[in-house]
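Right, one structure below, let's go through it.
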Amino acid sequence: MKFSVTVLGSSSALPTASRNLTAHLLNAYERFFLIDCGEGTVRQLRRFKINISKINNLFISHLHGDHYFGIFGLLTTLSLLGRKKDFHIFAHEELQEIINCQLSHEHLSYEIIFHKLNKNKTEIIYEDKQITVTSFPLKHRIASNGFLFKEKEKERNIKKELIPYYKLSIKDIVSIKKGEDFINADGDIIPNKHLTLDPPKPRSYAFCSDTGFLPEIAPIIKNVDLLYHESTFADNMALRAKETLHSTAKDAAKIAKLANAGQLLLGHFSTRYTDLSIFTKEASQIFPNVVLAIDGKSYDIENQ
Ligand SMILES: [Zn+2]
Numbered sequence: 096m097k098f099s100v101t102v103l104g105s106s107s108a109l110p111t112a113s114r115n116l117t118a119h120l121l122n123a124y125e126r127f128f129l130i131d132c133g134e135g136t137v138r139q140l141r142r143f144k145i146n147i148s149k150i151n152n153l154f155i156s157h158l159h160g161d162h163y164f165g166i167f168g169l170l171t172t173l174s175l176l177g178r179k180k181d182f183h184i185f186a187h188e189e190l191q192e193i194i195n196c197q198l199s200h201e202h203l204s205y206e207i208i209f210h211k212l213n214k215n216k217t218e219i220i221y222e223d224k225q226i227t228v229t230s231f232p233l234k235h236r237i238a239s240n241g242f243l244f245k246e247k248e249k250e251r252n253i254k255k256e257l258i259p260y261y262k263l264s265i266k267d268i269v270s271i272k273k274g275e276d277f278i279n280a281d282g283d284i285i286p287n288k289h290l291t292l293d294p295p296k297p298r299s300y301a302f303c304s305d306t307g308f309l310p311e312i313a314p315i316i317k318n319v320d321l322l323y324h325e326s327t328f329a330d331n332m333a334l335r336a337k338e339t340l341h342s343t344a345k346d347a348a349k350i351a352k353l354a355n356a357g358q359l360l361l362g363h364f365s366t367r368y369t370d371l372s373i374f375t376k377e378a379s380q381i382f383p384n385v386v387l388a389i390d391g392k393s394y395d396i397e398n399q
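Going by this note's numbering, the first residue of the sequence shown is number 96, and it counts up by one from there.
Structure (C-alpha cells):
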C-alpha cells in the first residue's frame, strides 16, 4: 500500500520560477493529506496531476503567509468542483476567524470542520483505521507545529500452511493474528512465534515546519522513516537562522541524527541560494542520507 510524500513547494518566503511556497501531499493508501498550503498550491496540484477532490484533511503548521495563503483558493476550488463531503482543517485557532472573514460571502458546497491545534502540547489530533497524526510544538516567531504521520501497527501474519495443520477456526485465527498463543484439543500450547511472522514495520513521515534548532522534538519523531525538516539557510547564515528562528542544513541534520531518522528531506530554501548543493554537502557531514525537496517530486516510503 502506498505511503508517499509529494513536494508541492520547496521555497521559503518568496516563490521562484521553479520553486513554489510550502505544501506537501501525503498519499496514504490513496487517501490524500495536505500539509501546509502556500499561495499557488492549487496550481501545483493541477500541474502535478493530483486529484484535488481526494484531499479530505488539511494541516497548517503556522500562520505565516507562505504556509497558508493558498487556502482560500483551495477552499473555493473544492466548492467549484462540487464537493459534498466535509473538509477537515487542523490549524491554530486564529485561522478559523480569517477563513470566516475571507469567505463570508462565498457559499461553499460543503462543510468545513475546524480542529484547533494545541500550541504547547504534543497530542494525537487524527486517527483512522490505518494511521495516526501527532501534532507537536516547534520554536518559531509565532506558534508553529510539526506533524508526525504514522501507520498503525498491523496484525501478525499467520503462516497459511499451519491453518489446516492445526485445524484453526476463524476465531482462533483472529486471536492468533492479535498475538495470542494457540491451545490445541490436547491442551498443548503452541507459541504465537511458531504460528506467525512479524508484520511490516509501521511507516512514518514527520513534517518539521519553520523552527529554530529544537532537539526536544527528537524523542517524538524517534526512528521516523522520512523526516522533512526545514533548512532555510546554509551555515554561512547561521546567525540569521538563530535570529529569525529558522534552521540551517546542519541543524536539520543534527535533528535527523538525534531522531535516528531513515532519510532527511530538506526544504524551505531561501531564494538567496541558487545552487542548493551546499545544503546536501553541509547536512551530509552530520547525517548521510539526505535528499533535497524538489517541486513535483514524490518520495516513497517502502515497507521494510
Ligand atoms: Zn514561518
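Idealized CB from N, CA, C, for every residue including glycine.
_Any heavy atom of ligand 1 inside 6 Å of the beta-carbon of Asp-370?_
no
*In chain order, what residues of the same chain have a beta carbon less than 8 Å from the beta carbon of Thr-339, not counting five sequence neighbours either side?*
Arg-236, Thr-327
_Following a CB-centred definition, is His-159 positioned closer than 6 Å to any heavy atom of ligand 1?_
Flag set: Cβ of His-159 near ligand 1.
*asked:* Using a 10 Å radius around the Cβ and a threshold of 16 neighbouring Cβ atoms, would you call Val-269 buried or exposed?
replied: exposed
*Can you tell me the Cα-Cα spacing of Ile-466 and Leu-353, whole angstroms?*
As displayed, the chain neither begins before 96 nor continues past 399, which places residue 466 out of reach and without an answer.
*Nearest neighbour of Ile-165, chosen from Lys-273, Leu-175, His-200, Ile-194 [CA to CA]*: Per the sequence shown, the amino acid found at residue 165 is Gly instead of Ile. Here the closest residue by C-alpha is Ile-194.
*When the Cα atoms are used, what is the spatial distance from Ile-208 to Thr-101?*
25 Å
*Could you have a look at Gly-160 and say whether DSSP puts it in helix, strand or coil?*
Of the three classes helix, strand and coil, the one that applies to Gly-160 here is helix, per DSSP.
*What are the boundary residues of the alpha helix (DSSP H) that Thr-227 is part of?*
It is not in any alpha helix (DSSP H) - Thr-227 instead sits in the beta strand (DSSP E) that spans 226-232.
_N- and C-terminal bounds of the alpha helix (DSSP H) containing His-289_ = That run of the alpha helix (DSSP H) goes 287-290.
*Spell out the partners DSSP gives Phe-364 in its beta bridges.*
Ser-106
*What number of angstroms, rounded off, separates the C-alpha of Ile-253 from the C-alpha of Glu-325?*
41 Å
*Roughly how far, in whole angstroms, is the beta-carbon of Lys-245 from the beta-carbon of Thr-227, given that I think they are within contact range, below 8 Å?*
5 Å
_Could you tell me the alpha carbon to alpha carbon distance between Glu-404 and His-157, rounded to whole angstroms?_
The first residue shown for the chain is 96 and the last is 399, placing residue 404 beyond what the model contains.
_Less than 7 Å between the C-beta atoms of Ile-219 and Phe-185, yes or no?_
no
*Is any heavy atom of ligand 1 found at a distance shorter than 6 Å from the C-beta of Asp-131?*
Checking the Cβ of Asp-131 against ligand 1 gives no.
*Grab me the residues of Ile-258's own chain with a C-beta within less than 8 Å of its C-beta, minus the 5 sequence neighbours each way, in chain order.*
Ile-268
*Answer with buried or exposed for Asp-131, where buried requires no fewer than 16 other C-beta atoms within 10 angstroms of its C-beta.*
buried
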